[in-house]
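Protein chains in written order, with the numbering used here: chain S, 387 to 833; chain A, 387 to 833.
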């Protein structure tokens, strides 16, 4: 009997746990789910005979090491900063590890040790990063096998609200960790364009969006996400001239969100005192003095953004009650926390709301003298507020990867991301059984 | 015989050490100077019989605690992040501590322990923070004693190049830690204006400068520095409507520096690969694609900044050889490090160059029905490349404070900054003997 330890029973764990329990019935597994909230772990296991809920505190070394030592393999769904703690214990006790998070410098540094210990730390096997790696690598390898020359790869993912519940002027609700949405894109994003690196600092990121029409879902906006350049090498397409990973939002989101970037409202470092101020007071406090002379706050913000009072962006901001002297209801916090507090009310998932995942891959290539473009789209709709598309698309690839490792179908060592055929072939195949499928089109650009 | 331990023998230590050696001759002190570079410590002590140079590594706990235990008082000139390590040892061995750095959250948290141990951690007693606290507090207390109502306080400091050596179009050279200049102002600056808080995020900071004429030195630019709001309470003028601490630069610096902020060239977190690119290549990589269509890099940058090709800012940028495909000479680094590498060549202090410190305080107040303004200016000229104004203005207040504590004239406990009369009166008086004096003017604004 194989023992699988899942650390973290939060939102992203739902489908992973039910997939593992389902598999446990034929594969003779025991699924231990550890969380600081024992009840949550119990709830997710739903009294399944192969499930065991335990209290787990990452900072309790004895408890942590006990559970890791008892397991055959570990899946960490903790916030990414804790993965290195778990990884070091996995090294100590000789366990394989899987996560859905980006490989950070700390984890990358452990690669030689995992290699030496003949162990695998498989990261970036969730949605994005995860399914994007699987699907683009399969497209790339298939095209290369046909003799194609790859010119460009664009890979976009968005976690959005279900079209049926898309009923606010931002066309956005929080279907995932709110603070990650507030602080998304901070730093400098980088990608390759026409054989040259491009760098987009945060203050220009949401001004840099472009549009994409996706099937009958309508128009979306895309903007670059983090460091795309490193993935050229990881995808084994070092020479491809244009390579960009990005984020999808509904049309109108990016230019409106840029308001908060320009105001400075996404700073999550400095605590400010609220002292009874309203959101409108804070808006005034963040607007340049010279622009406010003889103008209302609403007029000042429009002037600051250089837009008309009756523009879409101003409608989006008005819908947030920014000009209505709405009380804040916090004593202090970073301005990002204060903004998040407002948006958690405005962008809240209602009881009947569902989410939607959209992934779009565009590959430009040359084959037999023709310039062509392959476009692959994946749309996954959530079924309810709890049975979400994001939990499904994060949890299932993680669960399937775990199965491939436990059953010996993947025998790798070191710190890896899922770019190899022995990962993408079986995982994409099994994902399709769960309705996660890509619709592909192949277009002739010129000949 | 009192034993004084100075940790750090770098640029800022020069005048502190010579002041302490000078005092040691009448006060019977032994001055131990510890640095990771033993030779540097020896050089600064210049074979003085009361001086002792030792090798000091902050990370060597045994050595560190040995020297702190042997001392009667400790002055730390280390980078601020190390102060809390030294402070904890001072608590352990019952020693007072002085530094010229800002009190950060870690040090602030130690206040109850210093209080309880009957010890003093006196911070912010250098130039800025330091002399600014001393001088403005004296002005404020004197005016309040006369019955004045304080309406506004502006406090500005600049570390600049001596007018004789001011021979480049930026009117700036590195007279202090270069990387601190590159990353200055990151985060959100905050101050009080007309009884309301104002917040200036980094992307607008260098657009927010205003001008000041100072005596016959000419026109300067000032911009807000960090968190001024907290100092209202610390200065005991909680009710003052306008309160701003800021930085002084020569006219033309701020709008030109804003180029690098807008480009994203001050990011010191993400390493980029240079791969043989020139500064001009990197400039192209950081400019938006849409702006480069049909333009040279020089034209693109002017269009990006929305300025004329023959403007002052473009002259300043041309003077840095940004458009000349100058090789970088680094393999990789953050873009801030790459920019710093260029500026360390361009803004280098020449062998005969001297520096200049300028401090400007403006106090607006009402007295006997009149609205008045007191303006105090301090200008300190460096004497040579090594005998700098900045070392003098940082080191002397620190040294004098140290003397006041060792000789029992200041008997405070806890974590403090020098806002009290028993600090500012004797220190300002002694600074005057070294030529550090404020020139005051009192103007009637209206009556």
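We put the CB at the ideal spot given by N, CA and C, even for glycine.
Cross-chain neighbours of residue i in chain D, by beta carbon under 8 Å
i	result
residue 573 of chain S	The chain labelled as chain D is not found among the protein chains of the depicted structure, namely S and A.
Residues near residue i by beta carbon distance below 8 Å, same chain, minus five either side
i	result
residue 686 of chain S	670, 673, 677 and 678
residue 574 of chain S	585, 586, 587 and 588
residue 820 of chain S	778 and 782
residue 716 of chain A	660, 723, 724 and 727
residue 493 of chain A	469, 470, 473, 507, 509 and 801
residue 457 of chain S	389, 390, 391, 418 and 481
residue 695 of chain A	684, 685 and 688
Proximal residues of chain S, C-beta to C-beta of residue i below 8 Å
i	result
residue 671 of chain A	582, 583, 584 and 585
residue 594 of chain A	674
In DSSP terms, what residue i is bridged to
i	result
residue 540 of chain S	S/630 and S/748
residue 700 of chain S	Answer is none; residue 700 of chain S lacks a bridge partner.
residue 624 of chain A	BP columns for residue 624 of chain A are empty, so no partner.
residue 439 of chain S	S/419
residue 709 of chain A	Partner(s): none; residue 709 of chain A has no beta bridge.
residue 546 of chain S	S/742
residue 482 of chain S	S/459
residue 805 of chain S	DSSP output for residue 805 of chain S lists no bridge partner at all.
residue 800 of chain S	S/506
residue 845 of chain S	No information on residue 845 of chain S is available, as it lies outside the stretch 387 to 833 that chain S covers here.
residue 535 of chain A	A/752
residue 613 of chain A	A/576
residue 635 of chain S	S/607
Residue i: first and last residue of the uninterrupted alpha helix (DSSP H) it sits in
i	result
residue 468 of chain A	Neither: residue 468 of chain A is in no alpha helix (DSSP H) and is coded neither H nor E.
residue 718 of chain S	That residue, residue 718 of chain S, is in no alpha helix (DSSP H); its beta strand (DSSP E) goes 718-720.
residue 832 of chain S	Here residue 832 of chain S belongs to no alpha helix (DSSP H); instead the beta strand (DSSP E) covers 824-832.
residue 686 of chain S	683-691
residue 387 of chain A	Where residue 387 of chain A is concerned, there is no enclosing alpha helix (DSSP H), given that its DSSP letter is neither H nor E.
residue 404 of chain A	400-413
residue 426 of chain A	424-431
residue 676 of chain A	675-678
residue 566 of chain A	564-568
Contact list for residue i against chain S, beta-carbon separation under 9 Å
i	result
residue 648 of chain A	587, 589 and 590
Own chain, CB closer than 7 Å to residue i, minus 5 neighbours either side, in chain order
i	result
residue 334 of chain A	The structure shown does not extend to residue 334 of chain A, since chain A spans only 387 to 833, so no value can be given for it.
residue 430 of chain A	395, 399, 400, 403 and 419
residue 834 of chain A	Here chain A covers residues 387 to 833 and nothing more, so residue 834 of chain A does not appear.
residue 796 of chain A	790, 808 and 809
residue 653 of chain A	720, 721 and 722
residue 649 of chain A	672
Interface residues of chain A facing residue i [CB-CB closer than 8 Å]
i	result
residue 579 of chain S	675
Chain-ordered neighbours of residue i on chain A, where CB pairs are closer than 7 Å
i	result
residue 614 of chain S	The premise fails here: residue 614 of chain S is roughly 13 Å from chain A at the closest Cβ pair, so nothing lies under 7 Å.
Spatial neighbours of residue i in its chain, beta-carbon cut-off 6 Å, leaving aside the 5 residues before and after
i	result
residue 730 of chain S	564
residue 690 of chain A	673 and 677
residue 410 of chain S	417 and 436
residue 701 of chain S	555
N-terminal and C-terminal residue of the beta strand (DSSP E) that residue i is part of
i	result
residue 578 of chain A	574-579
residue 609 of chain A	604-610
residue 597 of chain A	596-600
residue 587 of chain S	582-587
residue 658 of chain A	657-659
- Segments assigned beta strand (DSSP E), at least 3 residues, entirely inside the segment 750-775 of chain A: You should have 756-767.
- Length-filtered (3 minimum) beta strand (DSSP E) runs lying within the segment 487-528 of chain A: 506-508, all fully within the segment 487-528 of chain A.
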